[in-house]
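This report refers to the structure that appears directly beneath it.
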Amino acid sequence: MGEVSRGARALVVCPDIRGQNYDLDADERLAEACGLALAIGIVIAESFVLPVRSVKPNTLFGSGQVENIATQCELHEAELVIVDGALSPIQQRNLEDRLKRKVIDRTGLILEIFGERAATAEGRLQVELAHLDYQQSRLVRSWTHLERQRGGFGFLGGPGETQIEADRRMIRQRMGRLRRELEQVRKTRTLHRERRGRAPWPVIALVGYTNAGKSTLFNRLTGAEVMAEDLLFATLDPTMRAIRLPGVEKAILSDTVGFISDLPTQLVAAFRATLEEVTGADVIVHVRDMANPAAQAQKQQVLAVLKDLGIMDGPEGEGRIPIVEAWNKWDLLDDELRTELTGLAESDEDVVAISAIEGKGVDDLLARVDAILTEGSKVYRFEIPMSEGHKIAWLHQHGHVLSESDATGDEPGRLIEVRLSPKEFGQFETL
């Protein structure tokens with residue numbers, strides 16, 4: 067994409083439009099926009115909220131406000147203006163003309179981050195698809211050769227196909243190809259998920275608002291070196307690792323892309339597949355940044371997306387997949403807030419206070435997840451002859467073997483005490 071260079075000095079402007087409902091208040095939205103900019107190495111020269119009484123179709127802001135932005139750009143030597151909102155192509159072009167600087171909106175900024183972070187083939191396909199969708203309406207501004215005409219010699223009933231139409235057609239064709247490739251990737255991942263579904267290993271999905279500490283917790287639990295920085299959108303692709311729990315021989319831990327408020331529509335569509343892993347999970351761990359003043363609003367955002375994915379469609383709006391809340395960044399809380407939250411956490415068995423960076427409470431979190439996964443499990447004693455060695459191997463691979471000794475009967479065999487879930491016991495019975 068290459069629209070924004072690292073190290074560029076930027077002015078971040080958060081329009082607060084009268085009458086518009088926002089999930090976060092203006093200062094929180096401004097802080098989030100600055101966090102997004104910092105995530106790709108942009109230097110914040112200055113940032114402020116601008117109240118907008120009525121939206122101007124040509125520039126979004128009033129003429130006096132545009133002059134104020136231009137003055138601030140000069141004062142702080144900003145070469146880039148980031149508007150934390152949606153700009154129409156015309157508004158973007160007019161602001162660039164008036165400010166004599168590059169202007170990008172929230173969608174453009176998030177696309178920049180996605181473009182830089184996407185690591186897998188699927189992630190790159192999704193980024194390109196979302197970017198082309200965004201670029202379609204901005205051809206007039208973005209492409210340099212649009213005044214030229216192509217085709218038609220004056221005697222075929224018109225000037226022929228203009229370059230902008232040809233470019234739009236090329237974009238549509240490329241988007242069609244990308245959608246087909248993505249569908250193939252999705253089918254492949256569905257097959258993998260079904261294969262995992264047939265295997266006995268439960269899947270634990272980490273979800274949460276971006277920068278809540280999911281990747282830090284993932285690394286703590288798995289010893290993996292997944293990128294974990296204090297940045298928004300540090301993880302874009304689902305990452306999976308095997309872990310062990312006290313009552314589960316093997317579980318698969320999945321780290322997912324972070325959620326964010328007001329994610330632009332075309333990005334929701336393009337990135338929804340990244341969250342499909344969550345729908346196949348046995349337990350969801352919702353990692354929350356309790357040091358963030360907007361923690362409650364962020365929780366509602368995450369639950370809204372989970373509901374959209376069909377995860378909250380159980381009876382009376384409950385989740386059909388158990389959800390454990392990991393109240394993270396405990397180490398950053400002041401004493402008063404920590405005391406207040408401790409009482410709330412202790413009164414709810416599905417809430418665990420943790421500090422992923424320090425490791426505090428992580429064992430308690432694993433114990434709670436383990437309790438959910440082994441709920442309904444029973445301990446069985448089997449005497450299995452050596453001639454049925456495949457059954458002995460299966461129990462070791464799929465169950466939690468508590469003890470094993472030589473069988474007491476006439477035929478050589480093994481006496482095995484093993485904990486199995488109802489699903490595992492059913493599978494064993496069919497062997």
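Position 118, counted from 1, in the sequence shown is what my numbering calls 184; the numbers after and before it change by one each time, with no gaps.
For glycine and all other residues, C-beta sits at the position ideal for the given N, C-alpha and C.
It should be emphasised that the depicted structure is a prediction, and the values quoted were computed from it without experimental measurement.
Buried or exposed by the 16-neighbour rule on C-beta atoms within 10 Å, applied to residue i
{"i": "residue 445", "result": "exposed"}
{"i": "residue 413", "result": "exposed"}
{"i": "residue 358", "result": "buried"}
{"i": "residue 236", "result": "exposed"}
{"i": "residue 119", "result": "exposed"}
{"i": "residue 362", "result": "exposed"}
{"i": "residue 400", "result": "exposed"}
{"i": "residue 172", "result": "buried"}
{"i": "residue 211", "result": "Confidence at residue 211 is low in this model, with a pLDDT of 42, below 50, so its placement is unreliable and no value can be given for it."}
{"i": "residue 166", "result": "exposed"}
{"i": "residue 194", "result": "buried"}
{"i": "residue 184", "result": "buried"}
{"i": "residue 394", "result": "buried"}
{"i": "residue 366", "result": "exposed"}
{"i": "residue 151", "result": "buried"}
Close beta carbons around residue i, own chain, < 8 Å, minus the five adjacent residues each side
{"i": "residue 456", "result": "497"}
{"i": "residue 85", "result": "none"}
{"i": "residue 113", "result": "77, 78, 79, 80, 96, 99, 100"}
{"i": "residue 132", "result": "125, 161, 164, 165"}
{"i": "residue 492", "result": "none"}
{"i": "residue 191", "result": "244, 247, 248, 251"}
{"i": "residue 187", "result": "251"}
7 Å CB neighbourhood of residue i in its chain, flanking five on each side removed
{"i": "residue 376", "result": "345"}
{"i": "residue 122", "result": "128"}
{"i": "residue 209", "result": "Low confidence applies to residue 209: its pLDDT is 40, below 50, so where it sits in the model is not reliable, and the reading given next is rough at best. Excluding residues within five positions, the ones whose Cβ falls inside 7 Å are 233."}
{"i": "residue 316", "result": "267, 308, 310"}
{"i": "residue 402", "result": "none"}
Delimiting residues of the beta strand (DSSP E) encompassing residue i
{"i": "residue 465", "result": "Per DSSP, residue 465 belongs to no beta strand (DSSP E) and is neither H nor E."}
{"i": "residue 168", "result": "168 to 171"}
{"i": "residue 116", "result": "109 to 118"}
{"i": "residue 565", "result": "Only positions 67 to 497 of the chain appear in this structure, which leaves residue 565 out of reach."}
{"i": "residue 272", "result": "269 to 274"}
{"i": "residue 354", "result": "349 to 355"}
Integer-rounded CB distance, given that residue j should sit under 8 Å from residue i
{"i": "residue 75", "j": "residue 145", "result": "6 Å"}
{"i": "residue 175", "j": "residue 102", "result": "5 Å"}
{"i": "residue 483", "j": "residue 469", "result": "4 Å"}
{"i": "residue 148", "j": "residue 99", "result": "7 Å"}
{"i": "residue 313", "j": "residue 466", "result": "6 Å"}
{"i": "residue 397", "j": "residue 277", "result": "Between residue 277 and residue 397 the Cβ distance is about 15 Å, and since that is not below 8 Å, they are no contact."}
{"i": "residue 479", "j": "residue 450", "result": "5 Å"}
{"i": "residue 431", "j": "residue 420", "result": "6 Å"}
{"i": "residue 348", "j": "residue 269", "result": "5 Å"}
Residues near residue i in its chain [Cβ-Cβ closer than 6 Å; skip 5 each side]
{"i": "residue 161", "result": "125, 169"}
{"i": "residue 371", "result": "325"}
{"i": "residue 488", "result": "442"}
{"i": "residue 72", "result": "107"}
{"i": "residue 154", "result": "none"}
{"i": "residue 24", "result": "What is shown of the chain runs 67 to 497, which leaves residue 24 out entirely."}
{"i": "residue 82", "result": "92, 115, 117"}
Extent of the continuous alpha helix (DSSP H) to which residue i belongs
{"i": "residue 412", "result": "401 to 412"}
{"i": "residue 427", "result": "No alpha helix (DSSP H) contains residue 427, which DSSP labels as neither H nor E."}
{"i": "residue 95", "result": "92 to 104"}
{"i": "residue 490", "result": "488 to 495"}
{"i": "residue 286", "result": "280 to 288"}
Coil, strand or helix - residue i by DSSP
{"i": "residue 129", "result": "helix"}
{"i": "residue 323", "result": "coil"}
{"i": "residue 160", "result": "helix"}
{"i": "residue 143", "result": "coil"}
{"i": "residue 421", "result": "strand"}
{"i": "residue 188", "result": "helix"}
{"i": "residue 373", "result": "helix"}
{"i": "residue 305", "result": "strand"}
{"i": "residue 395", "result": "coil"}
{"i": "residue 449", "result": "strand"}
{"i": "residue 482", "result": "strand"}
{"i": "residue 121", "result": "coil"}
{"i": "residue 153", "result": "coil"}
{"i": "residue 389", "result": "strand"}
{"i": "residue 360", "result": "coil"}
{"i": "residue 311", "result": "strand"}
{"i": "residue 473", "result": "coil"}
Check: residue i C-beta below 6 Å from any heavy atom of the ligand PLP
{"i": "residue 466", "result": "The ligand content of the structure shown is nil, which means the ligand PLP is not present either."}
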